[in-house]
Amino acid sequence: MEYLLTEEQIMMRDMVSKFAKEEIAPSASENEKNGTFPAEIIKKAGELGLMGIGYPAEYGGAGMDYVSYMIAIEEISKACASTGVIISAHSSLTIDPIFTFGTEEQKKKYLPPMCSGEWIGCHALTEPGAGSDAGSTKTTAKLEGDKWILNGTKHFITNGAEAEVSVVFASTDLSAKTKGISAFIVDKGAPGFKIGKLEHKLGIKATSTAELIFEDCEIPKENILGETGKGFKIALTTLDGGRLGIASQALGIAKASIEDAVKFAKEREQFNQAIANFQAIQWMLADMCTEYEAAWMLNFRASKMKDLGLRYTKEAAMAKLKASEVASFCAAKSLQIHGGYGYTDEFNVERYLRDAKITEIYEGTSEIMRLVIASTLLK
Ligand code: CAA
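First residue of the sequence shown: 3, per this note's numbering; consecutive thereafter.
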């Protein structure tokens, strides 16, 4: 697929690939086992410009396009899917809405330390009663003098424990349903804001998945992001881009699964020959590779459409749906090729299988992706 990329994008891919192999991969399994947030890696990623790839240099970003971002998240996730989603939730779910909907003051204040990786971001939309039905947000925001007062609980928030900056969705008018939702920027030290329970998960264990609790949490009046009542649209617009980040993460997992399967199949001998000689193995590899390339193309198309300023809601949903299901497919086939070895933690493939599953769930389940795609057909 190299012929589809510009010289700049290829340079970016090669640079990130080297960084991922040399700096991320060696500690990926250990961080996963211990549930350690890869703080040093994130710091280095910031130094390389990877925490703000798609944002202009005037705000501290690397000034590149979304295709470059997609390629970078894939390369990083090939080494460690946790690191991939930490950067993706930070960039496409938190920097992006501030960059797109923020005032000049908000952009100047938040983007430079976020693009450098000094401040990590998180996106707080999901609540215990508002998952797929994100519009049924119960967290409230009330204007009192020159402060907004937030009350409610968000959960399953990626980067929640580390984030200095949270983009939080809350209702200023519950009776107006989705049209009552607004977006707010909340700083870590805001009075009345605390981190609650941390989840124990099947995979991506080097990331925090936290509960955020707002009890009469006070934030300055000017921390509303965009217009009052436009928060749900901000959330859904943001999620279009976020879904490409997750598709890229899934592609990284799929690619790692394929590469490890090829290596193992060539080395492992049974019946006096490498198992790669058997058609049963070759067909699995062929299917994995075909599915991966189809998913890559969908993600490339949607990322390119975002770069061109076109509406890409359906294309983002297709890219995420396909890539996440391909990640699970490739990880499962790779494990099958590894046989009993793949079921142990001596090889990375059991991690890939656990990590792949979440890509079918967060930032919109596969069922919600199908619903978004079908809604464009039935309009
Ligand atoms: N961009 C801009 N506007 C959009 C839009 C988009 N992609 N999709 C819909 N809208 C607009 C609609 O046009 C509509 O506008 P009007 O009211 O002016 O007509 C408005 O938003 C509401 O749209 P719907 O009526 O379609 O809304 P809905 O309540 O039926 O919900 C949904 C639609 C697709 C189910 C949506 O709720 C959804 O995507 N749910 C999934 C939520 C999700 O992805 N959560 C992920 C949480 S974040 C996360 O997981 C992060 C992490 O940790 C990594």
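Beta carbons are placed, not taken as given, at the ideal position from N, Cα and C, and that holds for glycine.
In its chain, beyond the 5 residues on either side, Gly344, Val351, Leu355 have a beta carbon closer than 6 Å to the beta carbon of Leu337.
Take Lys190, set aside five residues on each side of it, and the residues of its chain with a beta-carbon closer than 6 Å to its own are Glu166, in chain order. Straight-line measurement puts the Cα of Ser90 at about 14 Å from the Cα of Val169.
Remark: the shortest separation between the CB of Ala163 and any heavy atom of the ligand CAA does not fall under 7 Å. In this structure, Ala288 is the residue among Ser250, Ala288, Leu6 with its C-alpha nearest to the C-alpha of Val264. The Cβ atoms of Asn301 and Met72 sit closer than 8 Å to each other. Counting only the Cα atoms, Ala185 lies some 10 Å from Lys235.
Looking from the CA of Glu293, the closest CA among Lys109, Gly194, Ser326 belongs to Ser326. A contact between stretches requires three or more CB pairs, one per stretch, nearer than 8 Å, and the segment 216 to 235 fails this requirement with the segment 45 to 61. For Ser84, the enclosing alpha helix (DSSP H) has its first and last residue at 83 to 92. Boundaries of the beta strand (DSSP E) harbouring Trp150: 149 to 160, taken from the DSSP string.
Judged by DSSP secondary structure, Pro28 falls outside any beta strand (DSSP E) and instead within the alpha helix (DSSP H) spanning 27 to 36. By the Cβ test, the segment 77 to 95 is in contact with the segment 206 to 217, since at least three Cβ pairs between them sit closer than 8 Å. For Ile339, there is no enclosing beta strand (DSSP E); the residue is part of the alpha helix (DSSP H) that begins and ends at 315 to 340. By the neighbour-count criterion, in which a residue is buried when 16 or more other Cβ atoms sit within 10 angstroms of its Cβ, Trp285 is exposed. Straight across, the Cα-Cα distance linking Asp148 with Lys223 is about 5 Å.
Here Arg313 is exposed. Its C-beta has fewer than 16 other C-beta atoms within 10 Å. Secondary structure at Ala74: helix, using DSSP grouped into helix, strand and coil. Spatial neighbours of Ala81 in its own chain (CB-CB distance under 7 Å, excluding positions within 5 residues in sequence) are listed in chain order as Ala22, Lys23, Ile26, Ala27, Ala30.
Rounded to whole angstroms, the gap between the alpha carbons of Gly54 and Asp67 is 11 Å.
DSSP places Thr361 in the uninterrupted alpha helix (DSSP H) bounded by 351 to 361.
Segment contact: the segment 251 to 264 against the segment 315 to 334, three or more CB-CB distances shorter than 8 Å; contact assigned. Ranked by Cα distance from Ser70, the options Ala132, Glu10, Ala126 are led by Glu10. Assignment of beta-bridge partners to Gln281 by DSSP yields no partner. With a cut-off of 7 Å, the C-beta of Ile370 is classified as near the ligand CAA, since at least one heavy atom of the ligand falls inside that distance. DSSP places Pro115 in the uninterrupted alpha helix (DSSP H) bounded by 106 to 117. Between the alpha carbons of Pro130 and Ala321 lies a gap of roughly 27 Å. The continuous alpha helix (DSSP H) containing Leu253 extends over residues 233 to 269.
Selection Asp347, Leu176, Ala126 evaluated against Gly162 yields Ala126 as nearest (Cα-Cα).
In the displayed model, Glu24 falls within a helix according to three-state DSSP.
Distance from the CA atom of Thr367 to the CA atom of Thr96, rounded to whole angstroms, is 20 Å. When Val374, Asp357, Phe266 are compared, the shortest CA-CA separation from Gly341 is found for Phe266. Per DSSP, the beta-bridge partners of Gln272 are Gln275. Distance from the Cα of Ser93 is smallest, within the candidate group Asp175, Gly119, Ala252, for Gly119. Taking a C-beta distance under 8 Å as the contact criterion, Ala296 and Glu317 do not qualify as a contact pair. Nearest C-alpha to Gly63 among Pro99, Thr38, Thr155, Leu113: Leu113.
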